[in-house]
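What follows is one structure encoded as structure tokens, with my remarks underneath.
There are 2 protein chains.
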Amino acid sequence: MYERSLTKPDGRALVLYSRRPIPEGLQATSPGTEPPGTKTHLRWHPLRGEWVAYASHRQNRTFLPPPEYNPLAPTTDPAHPTELPAGDYDVAVFENRFPTLTERAEVPAPPSIVPTRPGKGACEVVVFTQDPSSSLGALPLDHLELLLEVWADRYRKLGARDDIDYVMPFENRGVEVGVTLHHPHGQIYAYPFVPPIPARELEQQRAWLAGHGNGLLEDLIVRELADGRRTLYTGDQAVAWMPAFARYSYEVWIAPRRPAPSVADLDAPERVDFARALKTVLLKYDGLWSKPFPYVMVFHQAPTDGEPHPEAHLHVEFYPAYRMPGRLKYLAGSELGAGAFTADTLPEEKVQELRAVEVKLE
Amino acid sequence: MYERSLTKPDGRALVLYSRRPIPEGLQATSPGTEPPGTKTHLRWHPLRGEWVAYASHRQNRTFLPPPEYNPLAPTTDPAHPTELPAGDYDVAVFENRFPTLTERAEVPAPPSIVPTRPGKGACEVVVFTQDPSSSLGALPLDHLELLLEVWADRYRKLGARDDIDYVMPFENRGVEVGVTLHHPHGQIYAYPFVPPIPARELEQQRAWLAGHGNGLLEDLIVRELADGRRTLYTGDQAVAWMPAFARYSYEVWIAPRRPAPSVADLDAPERVDFARALKTVLLKYDGLWSKPFPYVMVFHQAPTDGEPHPEAHLHVEFYPAYRMPGRLKYLAGSELGAGAFTADTLPEEKVQELRAVEVKLE
């Protein structure tokens, strides 16, 4: 992997990654000149016992591009710079202009009636490819392997910072989950705390490890493979399956068989197989109804809080937006108010539909 | 409050409630003849440590009414019965035909690779009024007081059942949260466990009570009233405010000042004032953009698990669908994958907009 770190005119970091050497002389650009937002802080929600992030600069975004303007495409007209320079590279990562969390977060004004703190951390945009009409699943396997190395690099670099305890790469895909920019990209949120859902998963994994001597997800994978009814991809190193306890229709998980704690712990053969699992799932999704399949995809992995995490086992979770063609899954009273998920479908049945989609990996 | 319990032809319960005596001879109806769904079970999500409900009968609903047919309106043509009889009553409660949770839940088939159990509990529909064009906020104060008595009655009756540990009334309002039936109605989910979000809130409240000697929400209300920047309704018995740690734009909470554990513990003056607080909030919501304001509204209260809950303090939480006119709040990577809420707005600012809406309570 080749890598080049640059600084944008407004001070934000840009890192280019490539399978080939990156040409000299690339200049980082920015669509705006004003400094990046710093007005972000956290407030403690005492009943839920969690931090809520307030990025009030986000509601005043001054950036109103014409509809044909794509800020994630390489710059072609120097008079209208985008977020990326033109040049030969595969993947780009840069700091969000209007971040929810940032190293630059100011100390919040007068304390509120609950504890507050600056919104430290990082929000990065990961541009998967220069091609605006591509998609994560359409990328060649070696491009996906590079992307896994990029996520690993960001995990290491962000995780090394004192103000960051948890690094979560994710992709929101489709207008159905609020995305209006169709250029293939994901994001990385790097939190100054271990967020509630990973914290809960790690707590459960710790208890299992203490009680059983091996990992919870490791055991579940063994059982899923033995059961065999919900598997989608079974490689030597990585597997993809619909968990027996799937909450969403078409919910799929991907994990290495070995309990690698993070994406940075995958070795080369694991990365190769993980990329194959990922591409298989993505092509099956898009093939299911012969159109781009909207989802939220998240990486759960070991915190970077300086503590040992033998319980952590890297995995990707997909939350699809639709429960059947044209029917969105709405999160309402039971899910939002009680935290109790209600599913109308069984993973044993839904997996048949994805299994029936034939895919070609290369 | 007058009350009449009936049984539908398909065996489901129907209870009518009224401010006036209910006429004799009303017959319970049902739009269908087939027995209510029983194919519902729970599976244990070992990583999140929570139960997921699978109601597979829901995906095969046979009921496809014509668009003008309203199953929640009183029956006018005996050849096409709705869920409700014609007659003089104010509020009706009946069991959902395709419940996620039901007393009739069958023992699930062969165990999966995770623990499973029948989907015991109850799912009830609460029809707020016979008038299909009304809304919760448009109902007269004494009708809202009756409704609080209805919720209290359901809390007591459902909570007394051995298979029910938590009773949660809620309303999903608007197509934005997945509702296609516009007749004013809410639902009650009665769970065979204390669901994750109330469980978390109660855990936090217990810890606070143990450490401070008084209730967490009680203390927060005192502080909010002293601060004064986020209050919307300040009655002798009940208050409505936007919490300092609001996660949604326009998120409002309503609670009695006294830490009444449940809606069944409100005394008559508290019910009167709570109804005023509720109507105030609802009228402000609908007045904000001069159109029906979509939201999810949930009641959090004491579990009915047979344990003492001195920490519980009844409150209503509203989760609005929009963060500004025409802009939905999407829950995506950070909210769904990390459980970390990101807000673009501050409650101190948003509350000003609701305060500016003038309302007439009667």
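Just so you know, the sequences run in chain order A and B.
This note's numbering numbers the first residue of the first sequence as 594 and each following residue consecutively.
This note's numbering numbers the first residue of the second sequence as 594 and each following residue consecutively.
Note that CB positions come from ideal geometry on N, CA and C, so glycine has one too.
Check                                                                                                                           : Outcome
Interface positions of the stretch 868-883 of chain B facing chain A (Cβ-Cβ less than 9 Å), listed along the chain              : none
N-terminal and C-terminal residue of the alpha helix (DSSP H) that Phe867/B is part of                                          : 861-881
Interface residues of chain B facing Ile790/A [CB-CB closer than 9 Å]                                                           : Arg641, Leu929, Gly930, Ala931, Gly932, Ala933
CB contact check: Met761/A to chain B, cutoff 8 Å                                                                               : yes
Val720/A to Tyr759/A span [Cα, whole Å]                                                                                         : 21 Å
Closest by C-alpha distance to Gln945/A, when choosing among Arg822/A, Pro852/A, Arg605/A, Gly680/A                             : Arg822/A
Contacting positions in the stretch 697-708 of chain A - beta carbon closer than 8 Å to chain B                                 : Ser705, Ile706, Val707
Ranges of the alpha helix (DSSP H) found wholly within the stretch 803-872 of chain B, counting only runs of at least 4         : 809-820
Close Cβ partners of Cys716/B (< 8 Å) along its chain, the five nearest in sequence each way excluded                           : Glu688, Asn689, Pro692, Thr693, Leu694, Thr695, Gln780, Ile781, Tyr782, Ala783
Under 9 Å from the C-beta of Ala646/B: neighbouring residues of chain A                                                         : Ser927, Ala933, Phe934, Thr935, Ala936
Expected contact under 8 Å - CB spacing of Ala831/B and Ala857/B to nearest Å                                                   : Between Ala857/B and Ala831/B the Cβ distance is about 16 Å, and since that is not below 8 Å, they are no contact.
Spatial distance of Trp882/A from Pro918/A (CA atoms)                                                                           : 7 Å
Segment limits, beta strand (DSSP E) that includes Gln780/A                                                                     : 778-784
Selection of the stretch 833-856 of chain B by Cβ proximity to chain A, strictly under 7 Å                                      : Ala837, Phe838, Arg840
Expected contact under 8 Å - CB spacing of Phe892/B and Met761/B to nearest Å                                                   : 6 Å
Contact list for Ser728/B against chain A, beta-carbon separation under 9 Å                                                     : By Cβ distance, chain A contributes nothing, its closest Cβ being about 17 Å from Ser728/B, past 9 Å.
Contact with chain A by His638/B, beta-carbon distance below 8 Å                                                                : yes
Gln798/B beta carbon less than 8 Å from that of Leu809/B                                                                        : yes
Local Cβ density within 10 Å of Tyr662/B, reported as buried at 16 or more and exposed below that                               : exposed
Cβ contact (3+ pairs, closer than 8 Å) linking the stretch 734-741 of chain A and the stretch 904-922 of chain B                : no
Opposing strand residues paired with Thr709/B [DSSP bridges]                                                                    : Arg636/B
Collapsed DSSP secondary structure at Ala648/B in the structure displayed                                                       : strand
Cβ-based burial, Glu951/B [other Cβ within 10 Å; buried from 16]                                                                : exposed
Unbroken beta strand (DSSP E) run spanning Pro736/B, endpoints                                                                  : The displayed chain sequence assigns His, not Pro, to residue 736/B. Run containing His736/B: none in the beta strand (DSSP E); it sits in the alpha helix (DSSP H), 734-752.
For Pro913/A, three-class secondary structure by DSSP                                                                           : strand
Cβ-Cβ separation, Phe763/A to Gly880/B (assumed contact under 8 Å), whole Å                                                     : At roughly 37 Å, the Cβ-Cβ gap does not stay under 8 Å, so Gly880/B and Phe763/A are not in contact.
Spatially closest choice to Tyr682/A from Asp724/A, Ala819/A, Arg920/A, Ala648/A, by CA coordinates                             : Asp724/A
Ala685/B vs Leu774/B beta-carbon contact at 8 Å                                                                                 : no
Validate contact between the stretch 666-682 of chain A and the stretch 828-842 of chain B using beta carbons, cut 8 Å, 3 pairs : no
Endpoints, beta strand (DSSP E) assigned at Arg766/A                                                                            : 759-766
Pro852/B vs Glu794/B beta-carbon contact at 8 Å                                                                                 : no
Interface partners of Leu971/A on chain B, CB under 9 Å                                                                         : Outside the shown range of chain A, which is 594 to 955, sits residue 971/A, and nothing can be said about it.
Chain-ordered neighbours of Glu817/A on chain B, where CB pairs are closer than 9 Å                                             : Ile706
Pro711/A versus Pro887/A - alpha carbon distance                                                                                : 33 Å
Assigned exposure category for Ser726/A - 16 Cβ within 10 Å defines buried                                                      : exposed
Contact test: Tyr759/A Cβ vs the ligand PLP heavy atom, cutoff 7 Å                                                              : Only the bare structure without any ligand can be found here, which leaves the ligand PLP out of the picture.
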